[in-house]
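Student: Questions regarding the structure given below will be posed in turn.
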Amino acid sequence: MVNSRLSQIATAPIAAAGLIGGFGVAVATGSRPLGAVVLAGCGLTCIAIWLRRDGRRTTALLTAAGLFAFAASHGLGLLIGAWPSVMLVAAATAALCWRISDARRPGLRSARS
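In this note's numbering, the protein residues as written are 1 to 113.
Structure follows, in structure tokens:
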């Protein structure tokens, strides 16, 4: 029952929301730790879904990609601005999550067709 529910949850929007929401909360409140709570909450949700649904290898790959995106957004922000950087890495992370995990779920694939 749990696995059938997990197969219906798209992690791409959760991952993107973590990056965008985490940054937004940090900017709006002036509290980086509070932004980190949002980012970590979304990240841990994705990790829990991937572990049960896709296994350790996919989980490790997508977790590393998310951490890389978070780090890369800081450097990229110096070049193109903070918000454009966050939006770009969030979109790239969501696309990777969709491609590697979410698109493999039959219920999700038919929803976009």
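For glycine and all other residues, C-beta sits at the position ideal for the given N, C-alpha and C.
Around the C-beta of residue 12, are 16 or more other C-beta atoms found within 10 angstroms, so that it is buried, or is it exposed?
Tutor: With 16 or more Cβ atoms within 10 Å of its Cβ, residue 12 is classed as buried.
Student: Compute the Euclidean distance between the alpha carbons of residue 96 and residue 14, then round it to the nearest angstrom.
Tutor: Roughly 12 Å between the two C-alpha positions.
Student: To which residues of the same chain is residue 93 closer than 7 Å at the C-beta, ignoring the five residues directly before and after it?
Tutor: Hits under 7 Å: 15, 16, 19, 65, 66 and 69.
Student: Would you mind stating whether residue 88 and residue 100 have Cβ atoms separated by less than 9 Å?
Tutor: No, they are not a contact pair.
Student: Provide the residue span of the alpha helix (DSSP H) that contains residue 56, from first to last.
Tutor: Element bounds for residue 56: 56 to 80.
Student: Could you tell me the distance, in whole angstroms, from the CA atom of residue 102 to the CA atom of residue 86?
Tutor: Straight-line Cα distance between these residues: approximately 22 Å.
Student: Give every residue of the same chain whose Cβ lies closer than 7 Å to the Cβ of residue 22, excluding the five residues on either side of it in the sequence, and list them in chain order.
Tutor: Counting only Cβ-Cβ distances below 7 Å, and skipping sequence neighbours, we find 35, 36, 38 and 39.
Student: Just tell me which of 51, 98 and 83 has its CA closest to the CA of residue 26.
Tutor: Considering only alpha carbons, the answer is 83.
Student: Compute the Euclidean distance between the alpha carbons of residue 113 and residue 71, then round it to the nearest angstrom.
Tutor: Summary for residue 113: the model assigns pLDDT 45, below 50, so the residue's position carries little reliability, and this model does not support an answer.
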